[in-house]
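Contents: one structure, followed by commentary.
In this note's numbering, the protein residues as written are 1289 to 1469.
Rendered as C-alpha cells:
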C-alpha cells in the first residue's frame, strides 16, 4: 500500500456541538466522495470522517473542497492511521483511559504542541493536561461539562487551533482506520 493510500481521519472542529456548525453526516460523506476519496465513513455526528484519500491529503485543499460542497465554513485536522496509533500508545493517563475514559479528552492541534510537557492549569480547577507531539491529553476529574478549561482556553494555552475528541471516540476511530488498512 502506498503512503497516499494510508487511511486517515479528518476531524472537523465544532461540528454539531452546541447548536453551531450544523453538518449532516450523509452530506459530509458525499462531499468527501465527490472529492475523489474512497472507503468513506463517519463516526457519530461530531465531524469524524474516515477515508482512504485519493492522493496525499493537503489540509487547505480538503478544507476548501468540503467548505464549497457543504456550504459551511469548516476547520479540520487530519491524522493518519499510524498517527492515531501513536496517540493511543503515548497516552500519559492510561489509568484514566482504563477506569474513567469519559473524563479523558485528546485535543488534536493544527501544529506542534508547546515545548513544555505539562500545562499549568491551577486556575481552572483540578484538570490535568499533557502536551505531546501535535496533541494535548486532558484529564477532567470533575467532568468536562462544567469545566472552565474550554476549547478557547486550550487554543490559547497551546498557541494553536485544535479540536477535541473523547477517549472512546479516539479508540473507535482507531478501529475504523484499522479496518481500512
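Ideal Cβ positions, reconstructed from N, Cα and C, are used throughout, including at glycine. Just so it is clear, the structure is predicted and the values come from calculations on it, not from any experiment.
DSSP three-state label for residue 1452, please.
In the displayed model, residue 1452 falls within a strand according to three-state DSSP.
Under a Cβ-count criterion, where at least 16 other Cβ atoms within 10 Å of its own Cβ denotes burial, should residue 1400 be classed as buried or exposed?
The C-beta of residue 1400 has fewer than 16 other C-beta atoms within 10 Å across all chains shown, which makes the residue exposed.
Mind checking who residue 1326 pairs with in its DSSP beta bridge?
Looking at the DSSP output, residue 1326 bridges to 1340.
When the distance is taken between beta carbons, is residue 1361 closer than 7 Å to residue 1355?
Closer than 7 Å, so yes.
Near residue 1323, which residues of its chain fall below 6 Å by C-beta distance, leaving aside the five closest residues on each side in sequence?
Excluding residues up to 5 positions away in sequence, 1353 lie with their Cβ nearer than 6 Å to the Cβ of residue 1323 in the same chain.
On the three-state DSSP scale, how would you describe residue 1460?
In the three-state DSSP reduction, residue 1460 falls in the helix class (H, G or I).
The alpha helix (DSSP H) that contains residue 1352, what's its start and end?
Counting along the chain, the alpha helix (DSSP H) containing residue 1352 begins and ends at 1347 to 1358.
Please name the residue, chosen from 1413, 1468 and 1345, that lies closest to residue 1441 on a Cα-to-Cα basis.
Closest by alpha carbon: 1413.
Curious, which full-length beta strand (DSSP E) runs of at least 3 residues does the segment 1354 to 1418 contain?
Given a length threshold of 3 residues, each whole run of the beta strand (DSSP E) inside the segment 1354 to 1418 is given here in chain order: 1364 to 1368 and 1392 to 1397.
Beta-carbon proximity check, residue 1425 vs residue 1381, cutoff 7 Å
For the 7 Å CB-CB criterion, residue 1425 and residue 1381 form a contact.
Tell me residue 1423's beta-bridge partners as DSSP assigns them.
DSSP, once it has assigned bridges, lists 1396 and 1420 as partnering residue 1423.
DSSP three-state label for residue 1316, please.
Reduced to three states, the DSSP call for residue 1316 is helix.
Is the CB-CB distance between residue 1396 and residue 1365 below 7 Å?
Going by C-beta atoms, residue 1396 is nearer than 7 Å to residue 1365.
If you pair each beta-carbon of the segment 1367 to 1378 with each one of the segment 1309 to 1316, do three or more pairs fall below 8 Å?
Because the criterion of three Cβ pairs below 8 Å is not met, the segment 1367 to 1378 and the segment 1309 to 1316 do not touch.
Check whether chain C comes within 7 Å of residue 1376, counting only Cβ atoms and requiring the distance to be less than that.
The structure shown contains no chain C; it is built from a single protein chain.
Given residue 1421 as reference, the closest of 1387, 1458 and 1446 once Cα atoms are compared:
Comparing alpha-carbon positions, the option among 1387, 1458 and 1446 lying closest to residue 1421 turns out to be 1446.
Which stretch, first to last residue, makes up the alpha helix (DSSP H) that contains residue 1311?
That residue, residue 1311, is in no alpha helix (DSSP H); it is neither H nor E in DSSP.
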